[in-house]
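For the sequence shown, the residue numbers in our numbering are 202 to 537. Note that beta-carbon positions come from the ideal geometry of N, C-alpha and C, so glycine has one too. Let me begin by presenting the structure, written as structure tokens, before commenting on it.
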Amino acid sequence: MSLSTTASSADGATVNDTPEEWRAQLEALPSLEELGGSVPAVFLAHGQPMLIMSPQLAAQRGGQFGALATIQGPDGLLVQFLRDLGPHLLTKYRPKALVILSAHWETAGGGVTTDYGGENPLLYDYFGFDQALYEVEFKSRGDRQVAERVVELLQAAGIKSSRLTNKLEPRGEDGRGFQGPGLDHGVFVPLIHMFKGEAPIPVVQVSIPSDLRPETQHTLGASLAPLRSEGVLVVAGGLSIHTFRDFSAFSPDTAKPQYRAWEKSIVDAVAVAEPDARHRALFDLVQHPSFRAAHPREEHFVPLYVAQGAGSEGGEAKGARMVCGLWGAKTIVFGV
């Protein structure tokens with residue numbers, strides 16, 4: 202489905218980045234009935250731990266975060282968007298469960314699936330923050346039937362590494378050296394704002410393949426596509442800019458021109474009307490000259506390909522829409 206886009210910067214690097222614009226985009230998304238009963242898939246800007254700081258603490262540490270706070274601070278634009286997005290998805294698509302993948306959980310082959318039972322634990326997989334961020338709560342429950350269905354689909358697609366993990370099993374190194382079980386901060390940080398601290402539907406997390414290749418991510422996502430017609434919302438979380446080498450990149454006011462070119466390339470790729478051409482344009486993004494500047498390691502970008510695959514139908518690309526194009530934190534809906 203083709204919808205209009207509102208460019209919010211003269212060079213097109215950001216789109217739909219004001220509350221009025223992204224709310225209009227959310228309202229314009231097709232209904233569940235118009236989509237034949239299939240819930241869309243989402244590449245979600247999951248933000249970072251500053252989203253769940255108290256405004257007072259963020260103000261005290263403001264010098265450490267600089268312009269990042271305007272977009273990804275506790276009162277920033279991304280928090281405002283997430284608070285709009287969650288209720289909208291629940292109301293418009295009435296999902297029975299959420300299957301979510303995060304840039305912060307990778308395993309060989311991917312497809313390891315949480316089966317935590319009554320309540321999902323949290324994995325505070327960040328360091329150097331104030332104690333309050335290690336006491337944050339987010340209430341959610343798992344769902345054995347949904348988790349088993351995920352593994353069934355992935356195994357059928359040849360992803361033999363897919364299996365269930367329980368509440369007692371540590372998730373492993375997952376690329377960052379954090380042990381223990383639980384939903385990582387790429388899951389609970391955005392969901393705290395989307396669902397006001399408690400998920401009204403079951404949440405199951407699935408690991409992404411650690412090879413971080415777009416093709417592998419897309420294959421895993423496409424394997425999950427049947428869930429959409431079964432009433433399950435598939436979300437893959439990351440960011441469009443994620444680098445610790447150049448903190449100026451996190452604000453359009455301070456970023457070098459290469460980052461503007463990169464952000465615009467994502468907007469342009471999503472805007473390609475013909476589905477197969479859009480598919481190719483999205484895959485070509487990892488060859489962009491500024492990709493490595495924005496993503497020294499690609500784990501925060503490749504979840505886009507999981508969502509793209511999940512939004513396909515029978516392996517064929519469907520519609521896509523950038524509902525919120527915040528700088529460095531773009532959210533794209535696939536399968537519309």
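So, helix, strand or coil for residue i, using DSSP?
i	result
T555	One cannot answer for residue 555 here, as it falls past the ends of the chain, which runs 202 to 537.
I442	coil
W306	strand
T271	helix
L324	coil
T532	strand
A214	coil
S363	coil
R522	strand
E464	helix
A298	strand
L527	strand
A437	strand
A333	helix
Could you check the C-alpha separation between residue i and residue j for me, to the nearest Å?
i	j	result
T420	Q261	44 Å
P296	L425	15 Å
S232	R429	13 Å
H289	V487	31 Å
E235	Y335	42 Å
Y325	P410	21 Å
D485	A304	20 Å
R364	V300	14 Å
E431	V243	16 Å
Q406	T315	5 Å
F328	T532	26 Å
H473	D331	Per the sequence shown, residue 473 should be read as Val rather than His. Rounded to the nearest angstrom, the two C-alpha atoms are 43 Å apart.
V351	G510	15 Å
A214	G311	32 Å
Q273	V433	28 Å
Exposed or buried, what is residue i when buried is set at 16 or more other beta-carbons lying within 10 Å of its beta-carbon?
i	result
T292	exposed
R372	buried
Q418	buried
E221	exposed
M202	Only weak support is given to the placement of M202: the predicted model assigns it a pLDDT of 43, under 50, and the value that follows is read from those uncertain coordinates. Exposed, because fewer than 16 other Cβ atoms sit within 10 Å of the Cβ of M202.
F451	buried
F445	exposed
Q380	exposed
P322	exposed
L369	exposed
Note the first and the last residue of the continuous beta strand (DSSP E) segment covering residue i.
i	result
K340	Premise fails: K340 is in no beta strand (DSSP E) and is neither H nor E.
L392	Not the beta strand (DSSP E): L392 falls in the alpha helix (DSSP H), residues 386-395.
D316	313-316
Between which two residues does the alpha helix (DSSP H) containing residue i stretch?
i	result
L283	278-294
R350	345-357
V537	Premise fails: V537 is in no alpha helix (DSSP H) and is neither H nor E.
Beta strand (DSSP E) runs contained entirely in the segment 400-435, provided each spans 3 or more residues: Entirely contained in the segment 400-435, the beta strand (DSSP E) runs reaching 3 residues are, in chain order, 404-410.
Which ranges does the alpha helix (DSSP H) cover as unbroken runs of at least 4 residues, wholly within the segment 467-510, from first to last along the chain? The DSSP assignment places complete alpha helix (DSSP H) segments of no fewer than 4 residues inside the segment 467-510 at 476-485, 492-495, in order along the chain.
If we require 4 or more residues per run, which alpha helix (DSSP H) segments fall completely within the segment 226-270? Taking only runs of at least 4 residues, the alpha helix (DSSP H) segments lying wholly in the segment 226-270 are 256-261, 263-266.
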